[in-house]
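Structure, as C-alpha cells:
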Amino acid sequence: MSTKNFDVVVIGGGPGGYIAAIRAAQLGFNTACIDEWKNDKGGPAPGGTCTNVGCIPSKALLQSSEHFEHANHHFADHGITADNIQMDVAKMVARKDAVVKQNNDGILYLLKKNKVTFFHGRGSFVAAKDGGYEIKAGEEVIAAKHVIVATGSNARQLPGAAFDEENILSNDGALRLGAVPKKLGVIGSGVIGLEMGSVWRRLGAEVTVLEGLPTFLAAVDEGVAKEAAKLFKKQGLNIELGVKISEVKTGKKGVSVAYANAKGEAQTLEVDKLIVSIGRVPNTIGLNVDAVGLKLDERGAIVVDEDCKTNLPNVWAVGDVVRGPMLAHKAEEEGVAVAERIAGQHGHVNFNTIPWVIYTSPEIAWVGRTEQQLKADGVAYKAGQFPFLANGRARALGDTNGFVKFLADAKTDEILGVHIIGPMASELISEAVVAMEFKASAEDIARICHAHPSLSESTKEAALAVDKRTLNF
Ligand code: FAD
Ligand code: NAI
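The number in our numbering is simply the position in the sequence shown, starting from 1, with 16 added.
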C-alpha cells in the first residue's frame, strides 16, 4: 500500500487542531486531522477536552442547574408559583451528553465539508524523512510536509490523590455524577472549581472549596474578585483560602481531606465526592517526541516561539500544549494563524485582547489589564464603574448584581482593561474586545449609541464614568 502524502497533518482534533485543519484546507492544502477521543460506543468524538469534557458540557450543566435554581428561588418574584419541582440528574446528564454529541457530529461534518481527511486513532511521530515527517495515524503511517501538534492538556493530579473518577474526580467525573452528592469538596477555587462547584451547589450539594492561595481569584481584577467572593458566599458556596492539603483518603463513606487552615490549624473535611481542580498539564503522551527530537520545557509543554514554531522545521504547536492561557478561543486563534503562516500569510494572535469568562452566576468576564496589574506596571490610569442595579434591563430581568468597570490611560484615554461581573458578562465583553483591538478610547464607547433597554448600556455608562459623567447613576 502506498503512503498517503499530506501537505499538513494536524495531531489532535480539539478547538486548536480541528480549526487549524479547516483553515489549512480552506487555504488549499491537502490536510489530515488525527484525533483519538472515543465516544461511549468507541466511535470518533472530535472536539477535544472543550467539546467532550470541558467548555460545552460544563455550560450545558450550568444552564440546567440555573433553570432549577430559578424555578426554586426566583420564579416566585415574577408571580409564578411552581410546586413540587423535581430534578432528574440522569436526564440532565443525558441532555448534556446529547449536546456534546451534536458538537462531535458537527465537527465531523465540518471536516468532511472542507475535505479534511480524518483519522480516528493516536497520532505519533515516526521519523523525519525527505524534508517532512512520517506520522503514525492509528494503524497507518502517513507522510506530512507540515505538522501541527494540538494535543491539548490533562487535569493535574494532587500528589497522593490519584483520580479514580468515582470519589476523587477530575473535570471528567465532575461532569457525569449520577446523583447529587450531599457533601461535595472541591480543591482549587479556579475556573473549574467555581463553575462545577456552582452546578452541584445549585442542585442541592453542600459545597466546600479549599484554595491554597490566600487571595481569592488572584488573576481577576481585585474589585471584581471582592464582589464575586461576597456573592458566592451569599449563595452558600463555602470557600476557605490559604489552606495546605496534607492527605486525601478515600473510604466506603466517601473522601476525607486533611488540611491546615490559613491559621495553620489542623482540619478535616469529610465529603461524599471530591473534585480536584488545581490546573492542567500539557499533554504529549504517546506523541513519541523523542523520535524527532521535539523540544519540551520543564512543565512538559512544547517549546514554541511567538509564531507557534517549534525547534523542528515545519513542526508547529498550538493550544493547551504550548505556553499561554488554556482557553479554547486562544487555541483556535493560534490554529488559524499557523495555517495562514504555512501559506505564507501573516497570521496574527493578539495576546493582549484575549477575553476570559467564568460562567458562574453572575458571570465574570474581562479583557486587558486589571487595576492591580496597572499599578504594578506603574501606568497612570482612570477608572469608571457602573452598577447593574442602575440599569433598566437588569432590573426588568431581576438580575442586578455586579457592575462594569473600565480602566483607561490617564493621558490618552485608551482602554486598558474592561472587567465585568453581572448578567451576560460573557456576551457583553465582546464589545470591549473589539474596542481594545481597534485601540478605542473610553470616550469612543461613551459616544456610541447603545440599544435601550439593554445590559450593554452599562458598558456605555461605565465608559462615561471614566470621565465622571454617567447619565443614569
Ligand atoms: P484539547 O481540547 O485538549 O484537544 C486535544 C485533542 O487531541 C483531544 O481530542 C485528544 O484526544 C487529542 N490527542 C491528544 N494526543 C493525541 C495523539 N497523540 N493522537 C491523536 N489525538 C491526540 N475554555 C474556554 O475557552 N471556555 C470555557 O468555557 C472552558 N471551559 C472548560 C471547562 C472545563 C471543565 C475544562 C477542563 C476546560 C475548559 N476550557 C474552557 C479549556 C478548553 O477546554 C481548552 O483550553 C481547549 O480544549 C484547548 O484546546 P486544544 O485543542 O489545545 O486541546
Ligand atoms: P485554575 O488554574 O483556574 O485554578 C486552579 C486553582 O487551584 C488556583 O486557584 C490554585 O491556586 C489552586 N491550587 C493549585 N494547587 C493547589 C493545592 N495543592 N491546594 C489547593 N489549591 C490549589 O485551574 P482549573 O480550575 O483546574 O482549570 C484549568 C484551566 O482550564 C483554567 O485555568 C482555564 O484555562 C481552563 N478553564 C477555562 C474555563 C473558562 O474559560 N470558563 C472553565 C474551566 C476551565
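For each residue, glycine too, the CB sits at the ideal point set by N, CA and C. Computed from a predicted model, the values in this text were never measured in an experiment.
Taking its Cβ as the centre, do 16 or more other Cβ atoms sit within 10 Å of residue i, making it buried, or is it exposed?
i: His162; result: buried
i: Asn119; result: buried
i: Pro31; result: buried
i: Tyr125; result: exposed
i: Lys476; result: buried
i: Cys71; result: buried
i: Phe454; result: exposed
i: Asp313; result: exposed
i: Ala412; result: exposed
i: Ser81; result: buried
i: Asn187; result: buried
i: Ala244; result: buried
i: Val450; result: exposed
i: Cys465; result: exposed
i: Pro197; result: buried
i: Arg485; result: exposed
i: Ser18; result: exposed
i: Pro230; result: exposed
i: Lys128; result: exposed
Out of curiosity, what's the CA-to-CA distance linking residue i and residue j?
i: Ala426; j: Gly394; result: 12 angstroms
i: Glu156; j: Val25; result: 13 angstroms
i: Glu281; j: Gly258; result: 11 angstroms
i: Asn488; j: Phe404; result: 11 angstroms
i: Asp51; j: Arg357; result: 23 angstroms
i: Gly295; j: Asn304; result: 24 angstroms
i: Ala61; j: Ile318; result: 24 angstroms
i: Gly147; j: Leu328; result: 11 angstroms
i: Leu310; j: Gly340; result: 19 angstroms
i: Phe11; j: Asn254; result: Past the edges of the chain, shown from 17 to 489, lies residue 11, and the structure says nothing about it.
i: Ala399; j: Arg385; result: 12 angstroms
i: Leu390; j: Thr416; result: 28 angstroms
i: Ala241; j: Glu379; result: 12 angstroms
i: Lys107; j: Asp321; result: 46 angstroms
i: Gly270; j: Lys289; result: 6 angstroms
i: Ala458; j: Ala424; result: 6 angstroms
i: Ile261; j: Arg315; result: 22 angstroms
i: Val287; j: Ser205; result: 17 angstroms
i: Ala278; j: Thr224; result: 15 angstroms
i: Asn100; j: Ala92; result: 14 angstroms
i: Asp23; j: Ala160; result: 6 angstroms
i: Gly252; j: Arg217; result: 8 angstroms
i: Lys246; j: Glu238; result: 12 angstroms
i: Ser531; j: Ala347; result: Because the chain here runs from 17 to 489, residue 531 falls outside it and cannot be looked at.
i: Ala344; j: Gln42; result: 21 angstroms
i: Ala359; j: Lys325; result: 14 angstroms
i: Ala235; j: Glu473; result: 26 angstroms
i: Arg138; j: Phe179; result: 23 angstroms
i: Lys112; j: Ala441; result: 23 angstroms
i: Thr167; j: Ile123; result: 17 angstroms
i: Val207; j: Ile374; result: 6 angstroms
i: Ile96; j: Gln102; result: 16 angstroms
Assuming residue i contacts residue j under a Cβ cut-off of 8 angstroms, what Cβ separation, rounded to an integer in Å, is found between them?
i: Ala353; j: Phe422; result: Not really, about 29 angstroms apart at Cβ, beyond 8 angstroms.
i: Ala143; j: Ala307; result: 6 angstroms
i: Ala221; j: Lys199; result: 7 angstroms
i: Gly438; j: Phe419; result: 6 angstroms
i: Ala481; j: Phe402; result: 5 angstroms
i: Met452; j: Ile431; result: 5 angstroms
i: Ala177; j: Val264; result: 4 angstroms
i: Val116; j: Thr65; result: About 12 angstroms separates the two Cβ atoms, so there is no contact after all.
i: Ile164; j: Trp332; result: 5 angstroms
Using 7 angstroms as the cut-off, classify the Cβ of residue i as near or not near the heavy atoms of the ligand ATP, replying yes or no.
i: Met342; result: As for the ligand ATP, it is missing from this structure, which binds only the ligand FAD and the ligand NAI.
### beta strand (DSSP E) segments (min. 3 residues) lying fully within the region 182-252
199-203, 222-226
### Query
Does the region 296-312 come within contact of the region 326-339, defined as at least 3 CB pairs closer than 8 angstroms?
yes
### Query
Should the region 51-64 be called in touch with the region 361-369, which here means at least 3 C-beta pairs below 8 angstroms?
no
### Message
With three or more C-beta pairs closer than 8 angstroms as the rule, is the region 67-87 touching the region 189-197?
### Response
yes
### Task
Could you pull out every unbroken alpha helix (DSSP H) segment of at least 4 residues lying fully inside the region 121-182, listed in chain order?
none
### Complete alpha helix (DSSP H) runs within the region 375-440 (minimum length 4 residues, chain order)
387-392, 408-413
### Unbroken stretches of the alpha helix (DSSP H), 4 residues or longer, contained in the region 34-83
64-69
### Message
List, from N- to C-terminal side, the beta strand (DSSP E) runs of 3 residues or more that fit wholly inside the region 290-372.
### Response
296-298, 331-333
### Message
When you compare the region 35-47 with the region 127-135, are there three or more beta-carbon pairs, one atom per stretch, that lie closer than 8 angstroms?
### Response
yes
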